[in-house]
Amino acid sequence: MATDSFAEYSAEIRSAGPPVDLLVRRARPDDVPAMAVVEVAGRGGDAGVAEAGLRRWLDRDRSALFLAETGGAVVAWASAQWLGADGDVAMDPGYYLAGCTVDPAWRRRSLGRLLTGARLAWIGAQCAQEGEPPMAWYFANVRNTASIAMHREFGFAEAARAERIHGVTFSGDGDVPGTGALFRAPLEDAATTRG
Ligand SMILES: CC(C)(COP(=O)(O)OP(=O)(O)OC[C@H]1O[C@@H](n2cnc3c(N)ncnc32)[C@H](O)[C@@H]1OP(=O)(O)O)[C@@H](O)C(=O)NCCC(=O)NCCS
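Numbered per this note's numbering, the sequence shown spans residues 36 to 230.
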């Protein structure tokens, strides 16, 4: 999936609440085409490629896809999955927030927050069931300040920076090379925050 189509950072406004009929739920195979449309609207790229990637994640063990719908339409999706040890960065294997795209027309309505809360609840349950340490991870381009701001309230703290994380490279800015940041959050903290 694309890694360099970021929402513009704006600290001047606060996110509004979600629409009253918003439903956040686990995604099913028949949701994939609508999720791919959201991915292309939000981050560009090809719908067929997005669909194939989403189906792979849906079929994977220790992986969950969530979506948000309103008025019967899918307007955002997000995923969480187990990632093994990373040859690029010294880190533990763990459960990751592995993607989240909100349709541009529905941003700053708390959908990213709600999808992140749902994913962290799922990760917490998985860790408890599997006897894993209650910890969640994610990584992002250091320039994706909107995404980093969205995760902050869930207790994520930066653990490392690298040019490659889990095989992903990051777009730079002009002459500045791309860098990713790896974050982790203990889930006791996440459970006490919004979402
Ligand atoms: C990042 C993204 C998922 C946020 O989704 P969203 O539904 O608009 O975010 P929310 O309304 O839930 O915002 C929750 C909090 O995140 C922060 N935030 C979200 N978008 C922000 C922005 N553009 N600028 C500054 N802060 C932002 C704010 O702290 C906000 O809380 P507050 O305004 O109430 O204080 C969305 O912008 C998106 O799809 N971006 C493109 C894809 C992407 O970068 N995904 C993340 C990959 S790691």
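By construction, the Cβ of each residue, glycine as well, lies at the ideal position given by its N, Cα and C atoms. Values in this document were obtained by computation on a predicted structure and should not be read as measured data.
Minimum C-alpha distance to residue i - residue among the options
i      : options                          : result
Glu43  : Gln161, Leu58, Ala156 and Arg142 : Arg142
Pro139 : Arg78, Ala216, Gly213 and Asn179 : Arg78
Arg144 : Ala220, Pro221, Ala85 and Ala103 : Ala103
Gly122 : Val211, Arg91 and Val203         : Val203
Leu222 : Arg91, Trp112, Pro168 and Ser98  : Pro168
Ala220 : Val211, Trp112 and Trp172        : Trp172
Leu146 : Gly88, Ala111, Phe191 and Gly207 : Ala111
Per-residue burial, residue i [other beta carbons within 10 Å of its own, 16 or more giving buried]
i      : result
Arg187 : exposed
Glu74  : buried
Ser50  : exposed
Leu58  : exposed
Ile183 : buried
Arg154 : buried
Val137 : buried
Arg178 : buried
Gly119 : exposed
Ala160 : exposed
Ala87  : exposed
Residue i versus residue j - alpha carbon distance
i      : j      : result
Ala163 : Gly129 : 13 Å
Pro54  : Arg61  : 18 Å
His201 : Phe174 : 9 Å
Leu100 : Ala115 : 7 Å
Trp157 : Gly134 : 15 Å
Met233 : Ala125 : Since the first and last residues shown for the chain are 36 and 230, residue 233 lies out of range.
Ser45  : Arg148 : 16 Å
Thr150 : Ala85  : In the sequence on display, residue 150 carries Leu and not Thr. Approximately 19 Å, taken between the alpha carbons.
Asp127 : Phe41  : 27 Å
Arg95  : Met170 : 20 Å
Ala192 : Asn176 : 15 Å
Arg97  : Gly152 : 18 Å
Distance CB(residue i)-CB(residue j) smaller than 8 Å
i      : j      : result
Gly213 : Glu198 : yes
Ala82  : Ala69  : no
Ala181 : Phe218 : no
Asp65  : Val109 : no
Gly166 : Arg196 : no
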